[in-house]
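Numbering (this note's numbering), first residue to last: 68 to 178.
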């Protein structure tokens, strides 16, 4: 990775931190930043939102490790991320696959 790309990824992580989102390691739960040919892909693997308690006849049973992924929450997260990056002067593309592409201006074609 050359210096402009490293500086760009550092700037992306800084915007995330200033907006209250802490980037995490790949494979962990939380916000992820992945280098992309045109900039940085930013996505979210949510932490467990809620544990369901199921009551049936007889003894009370608890279902654990059941993840509930609310589409509305994911959408709100994407809007918040996009707003933070746009307010910082970055161009953002919604990838439609739960990832945002923060475009590195150095990779923009000249018109």
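Every residue, glycine too, gets a C-beta built ideally from N, C-alpha and C.
With fewer than 16 other Cβ atoms inside 10 Å of its own Cβ, residue 139 counts as exposed. CA-to-CA, the gap between residue 84 and residue 90 works out to about 8 Å. In this model, residue 73 and residue 102 are separated by some 9 Å (Cα to Cα).
Under the 10 Å beta carbon count, residue 107 is surrounded by 16 or more other beta carbons and is classified as buried. Using a Cβ distance threshold of 8 Å, residue 170 and residue 105 count as a contacting pair. By the neighbour-count criterion, in which a residue is buried when 16 or more other Cβ atoms sit within 10 angstroms of its Cβ, residue 146 is exposed.
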